[in-house]
Each structure stands twice: as C-alpha cells, then as structure tokens.
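Peer 1: Residue 130 is where the sequence shown starts when you use this note's numbering, and the numbers rise one by one after that. For every residue, glycine included, the Cβ atom is placed at its ideal position computed from N, Cα and C. My structure is below; once you've seen it, I'll send some questions.
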Amino acid sequence: MWRALYSLAATINTVMWGIYFPFTRRYVGVELGGGIQSILLITGLEWLYVFFAPAAGRLSGRLGERGSILLGTLGAVPLIASVFLRDPVSLALTLSLSSLGWSITWPVVVSVVLAGAGGRFGRAYSVFTIGTGLGFGIGSSAMGLLYYAGGPGFVLLSCAFLYVLTYAIFYAFYPQEVRRGESEREGRDPAVPWARAAGYALAAYTLLVFCREAYYSVAPVKLSTDIARVLPDAPEEAQYVAFGILYAGITSLLSIPARVVYGLLADRHDPRLLLVSSFPLYVAVYWAFVLLEGVASIVVWQLPLYPMVDTSVNVLLARHSGERERAHALGVGLALSAVGGLSVMPLAAYPDVDPTTVGSLITVVAVFGLSLMLFDLLRRRT
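Quick look at the structure:
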C-alpha cells in the first residue's frame, strides 16, 4: 500500500516540477527579458544546492528517515517569496533555493523505496517513478492554464502547495517495516566500496549532466522561437500553454514506457551501457534540435533521454551499496552531478553566447565522457 502512495507522491512532486521548470525558464528568460544568461544562472544555482545531497544520509541518521523527509517542505518557502520579485537576477537567486529541500530529502526517499527490492532495483525504481512522466506532463501542460487563470503569483503558489503536499504524503505513509530497521542505521559511517566500483561512471555522469543542462539552458529560448514561428498570431497566454505542453508535456508522456524499458535493461544488463549510449544520443539530439526549425525542431525536443540517465545511475549505485549506506551513496551521486550542472554557470558571463558555441562544448565534453565510460568497461572486463 505504501509503495502505491509513494508513487502517487512522486507523481505529485513531478506535477510541481512540471509547472516549475517551463514556467521559470520562460518567465525569467523570455517575459522578464533575462535571456539565455538568466536561464544559465538559475540552472547553475539550482545545481549548487544539490551539493547538500550527501547530507541526506547524515540527517537521516540524526533525525531518522521519517523526520528528515519532513525537511522537504522547506522547499516551498522560496517559491512563496518569489511571488513578490520581478527582477530576473533576484528571481533566479531566490527560486533556485527551492532545490535545497529536494536535495537533502530525495536520496532518503529513494533509499526507502529501494529497500527490500531483492536486487531488482531497476524494476523497483521504475515502478516508483512510473507516474512521474505523466505528472511532469500534466504539470507542464497545466502551467499555461495556471498562468492564464492567475498570473505568475498563482503559478508559484500552486507550486508551493504541491511541494508541501508531496512531502506530507512521504512523511505520513512512511512504511512501518523500514521504520523498525531505523535504529540499526543510526550512527553507522557510510561504507566506501560503492565509490570505488562506480567512480568512473560517476565522473562520466558528471560530464553528461553538463551536456544535458547546457542543452536545457539553450532550449527554452529556441523552443519559444519555434512556437512563435508555428503560431505567429497566437496571444501571449496561448504561447504559454503551447510552451508548457511542448516543453515537457509530450516528452513526459513518452517517458512512461521509456522508464519501463530502461528499468528492465538496467536489471538485465550492466547499467553502465545505458550511460555509454546516452553520450552520442545527447550530442545528436542537441545538434538536430538547434539546426532544425519549426515543427521538426519541436519534434526532436520530445525524445525522452532523461529517464535513461536517471535510471542507470540510480540502479548502478543501488547495486554497489548496502541498505545502510544507500541514502549517502545516492546523495553523493546527486552532489557529483551538481558539478556538471554548476559548470554551465560560467557561460552566463558571456552575453554573446550562442547555441553553436554551446553545442561545440557539449560535443567535446561528451567525447571525453564517452571515453571514460569505455575505459571503465574495458577495465572491468580485463
């Protein structure tokens, strides 16, 4: 029963993020005139707070897993404060704080879900996240309607409400069987073998996150331009609705079957193979998105690549960590990914940065990351 409710809460959580991401990117970058630089800034700052993710294991040891999960509700505070801001830089600084509550609690939630999975971590994680694609799609599609109904303030307050609701469910329905084992986890230092086993993959994952976040930073302005080209006479409200649906609505629905497939592949094969495949796919998709225009570019944007990376990394870390150190391992994985996310921030300092320059960087970084992964695979087979 609790697994179904946790899956529901994860879906609600992604409804919130589905509203948040397309709205903040378009609102800060397009409506308030911040451009690509402001989107790069908010993206980098959001990742900055992911560095606190390793604290999840320590907090769960001190407060208990159930108590530490309740801290996630703090993520609603900056959303409420942002209602009163209009400057793109100030807004980016404040909104980015919303990722802190998620960063220090999500590894604990995932660790709870993977407990007792019997080694079938891909299946357990896929079941937990099966509704997240639908949730993100609903959120992104509803974003424009919320904006039309009540403006920016109503959108941000809706996000705050859903943020609190998510963690209220996680807290209220924390499973008894996990709670009984809590005392065994308290005070135990995290073990290290998982770090040695997954080290090369985590380093490559950090580079892949840079490629992904650089792509995501370019996408909102490019996608808005393509939508305006396809719907030249549509009013601003209609542009917001179309942007929400096309930014994440369709691709999130496609991610539902994608997550099932990726979960099965990660259980049956080495999850590193999914990471290896992600590098050339991200490079190819980025250049296709940037070079094509109108409907063709919009279609390319819908391809569900994120679940492949997300599933492979979480399954890899779960395989190489025991239940007692899993929250810490997942937190460290998130923190290392933050290095990749933060690496996009220097691009914000260049007002003339363009998609071609970003694409060149993505290509170079992807080649290096792919080389790391291939070396790791060869090293493990010899």
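Under the three-state reduction of DSSP, which class applies to V338: helix, strand or coil?
Peer 2: What you label residue 338 is simply residue 209 of the sequence shown in a count that begins at 1. Helix, per DSSP.
Peer 1: Can you tell which of A348, F290, F339, P304 has its C-alpha closest to the C-alpha of R154?
Peer 2: Translated into positions along the sequence shown, residue 154 becomes position 25. The residue with the shortest Cα to Cα distance from R154 is A348.
Peer 1: Leaving out the 5 sequence neighbours to the left and right, which residues in its chain are closer than 8 Å to I209 when beta-carbon positions are compared?
Peer 2: Sequence index remark: in the sequence shown, residue 209 carries index 80 (1-based). Apart from sequence neighbours up to five positions away, the residues of its chain that approach I209 with a beta-carbon distance below 8 Å are L285, L286, A289, ordered along the chain.
Peer 1: According to DSSP, is H398 part of a helix, a strand, or is it coil?
Peer 2: For the purposes of this step, residue 398 is taken as the residue at position 269 of the sequence shown. H398 falls in the coil class under three-state DSSP.
Peer 1: Thinking just about the alpha-carbon of each residue, which of R187, R252, G460 is nearest to the one in P400?
Peer 2: Translated into positions along the sequence shown, residue 400 becomes position 271. It is R252 whose Cα lies nearest to the Cα of P400.
Peer 1: Would you identify the three-state DSSP class for R155, choosing helix, strand or coil?
Peer 2: As a first step, residue 155 must be located in the sequence shown, where it is residue number 26. Three-state DSSP puts R155 in a helix.
Peer 1: Taking only the alpha-carbon atoms, compute the straight-line gap between L188 and V438 and give it to the nearest angstrom.
Peer 2: Counting from one through the sequence shown, the residue named residue 188 turns up at place 59. Counting from one through the sequence shown, the residue named residue 438 turns up at place 309. Their backbone Cα atoms lie some 27 Å apart in a straight line.
Peer 1: For Y415 and S346, I'd like the C-alpha separation in whole angstroms.
Peer 2: The sequence position of residue 415 within the sequence shown is 286, counting from 1. The sequence position of residue 346 within the sequence shown is 217, counting from 1. The alpha-carbon atoms of Y415 and S346 are separated by roughly 11 Å.
Peer 1: What whole-angstrom Cβ distance do L383 and Q431 have, given they're in contact under 8 Å?
Peer 2: If you number the sequence shown from 1, residue 383 lands on position 254. If you number the sequence shown from 1, residue 431 lands on position 302. Correct: roughly 6 Å between the Cβ atoms.
Peer 1: I believe Y296 touches G201 by the beta-carbon criterion, under 8 Å. Please report the beta-carbon distance rounded to the nearest angstrom.
Peer 2: Within the sequence shown, residue 296 is the residue found at index 167, counting from 1. Within the sequence shown, residue 201 is the residue found at index 72, counting from 1. Sure, about 4 Å apart at Cβ, within 8 Å.
Peer 1: Let me know the secondary structure DSSP gives E175 once reduced to three states.
Peer 2: Here residue 175 refers to the residue found at position 46 of the sequence shown. Residue state, collapsed to three classes: helix.
Peer 1: Which whole-angstrom value describes the C-beta separation of S136 and F299, a residue pair presumed to lie in contact below a C-beta threshold of 8 Å?
Peer 2: Position 7 of the sequence shown, counted from the first residue, corresponds to residue 136. Position 170 of the sequence shown, counted from the first residue, corresponds to residue 299. With 8 Å as the limit, S136 and F299 do not qualify as a contact, their Cβ atoms being about 11 Å apart.
Peer 1: According to DSSP, is T234 part of a helix, a strand, or is it coil?
Peer 2: Residue numbering aside, residue 234 sits at position 105 when the sequence shown is read from its first letter. Three-state result, T234: coil.
Peer 1: In this structure, how does DSSP classify H449 when only helix, strand and coil are distinguished?
Peer 2: As a working mapping, residue 449 is identified with position 320 in the sequence shown. DSSP, read as helix, strand or coil, puts H449 in coil.
Peer 1: What are the boundary residues of the alpha helix (DSSP H) that includes Q431?
Peer 2: Translated into the one-based positions of the sequence shown, residue 431 becomes position 302. Segment: none, Q431 is in no alpha helix (DSSP H) and carries neither H nor E.
Peer 1: Are R455 and A447 close, meaning C-beta to C-beta below 8 Å?
Peer 2: Against the sequence shown, residue 455 aligns to sequence position 326. Against the sequence shown, residue 447 aligns to sequence position 318. The answer is yes: Cβ separation under 8 Å.
Peer 1: With DSSP collapsed to three states, give me the class of I128.
Peer 2: Past the edges of the chain, shown from 130 to 511, lies residue 128, and the structure says nothing about it.
Peer 1: Do G462 and V442 count as a contact pair if the criterion is CB distance below 8 Å?
Peer 2: Locating residue 442 in the sequence shown gives position 313, where the first residue counts as 1. Locating residue 462 in the sequence shown gives position 333, where the first residue counts as 1. In this structure, G462 lies closer than 8 Å to V442 by Cβ.
Peer 1: Kindly examine the ligand MG and report whether one of its heavy atoms sits closer than 7 Å to the Cβ of S269.
Peer 2: Ligands in the displayed structure: none, and consequently the ligand MG is not present.
Peer 1: Rounded to whole angstroms, what's the CA-CA distance from L465 to F180? Just pull it up for me.
Peer 2: Taking the sequence shown and counting its residues from 1, the one referred to as residue 465 is at position 336. Taking the sequence shown and counting its residues from 1, the one referred to as residue 180 is at position 51. Taking the straight line from one Cα to the other gives about 7 Å.
Peer 1: DSSP on M474, reduced to helix/strand/coil?
Peer 2: By one-based count along the sequence shown, residue 474 stands at place 345. Helix, per DSSP.
Peer 1: Closer than 7 Å by C-beta to V424: which residues in its own chain qualify, once you throw out the five before and the five after it? Chain order, please.
Peer 2: The sequence position of residue 424 within the sequence shown is 295, counting from 1. V359, listed in sequence order.
Peer 1: Excluding the 5 residues flanking F150 on each side, which residues of the same chain have their C-beta closer than 7 Å to its C-beta?
Peer 2: The residue you call residue 150 lines up with position 21 of the sequence shown. The residues are A377.
Peer 1: My output table needs one value for L214: the three-state DSSP class, helix, strand or coil.
Peer 2: Within the sequence shown, the letter at position 85 stands for residue 214. In the three-state scheme derived from DSSP, where H, G and I count as helix and E and B as strand, L214 is classed as coil.
Peer 1: Can you name the start and end residues of the alpha helix (DSSP H) that S225 belongs to?
Peer 2: Here residue 225 is taken as the residue at index 96 of the sequence shown, counted from 1. First-last for S225: undefined, no H or E at that position.
Peer 1: So, are the CB atoms of G282 and V212 less than 8 Å apart?
Peer 2: Against the sequence shown, residue 282 aligns to sequence position 153. Against the sequence shown, residue 212 aligns to sequence position 83. Between G282 and V212, the C-beta gap is smaller than 8 Å, which places the two residues in contact.
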